[in-house]
Amino acid sequence: MRYLLIVDLTLAAFGAALTIAIGFVALVFTIYQDASAKIAAGLPAILTLTACFIALMVFAGIASLLLRAKKPAHWAAQAVLAVSIPVLWQIVFSTLRG
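To convert a position in the sequence shown, counted from 1, into the numbering used here, add 170.
Put into structure tokens, the structure is as follows:
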């Protein structure tokens, strides 16, 4: 179980780091969306990426908290995390491809 906790915490930290990075870009795009049509056109894609990384951070964080607290619901949280990773992967790469 210790290795699963390490994986969950690593995924939560990865999601948090990407949320901060892409969230800053989303903030800049939001501020300057009136400056250029290209910036305004790219804003929905940036917001989609930000939402995906927030979801990864939340799902992995909940799974790690439940696992650390030794709650029986941690298996359901692990299942949600396992299903959400490929779904988020597809959303991120389809957004990046345009």
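Even for Gly, the Cβ is constructed at its ideal location relative to N, Cα and C.
Beta-carbon separation (whole angstroms), residue i vs residue j, contact threshold 8 Å
i    : j    : result
T189 : I216 : About 12 Å separates the two Cβ atoms, so there is no contact after all.
M227 : A196 : So it is not a contact: roughly 15 Å between Cβ atoms.
Candidates the options: closest to residue i by CA position
i    : options                : result
A221 : K208, A233, L236, I192 : I192
L179 : F229, A243, F263, S254 : F229
A246 : A210, S234, S206       : S234
Per-residue DSSP class, three states only, for residue i
i    : result
P242 : coil
G231 : helix
G185 : helix
S206 : coil
G268 : coil
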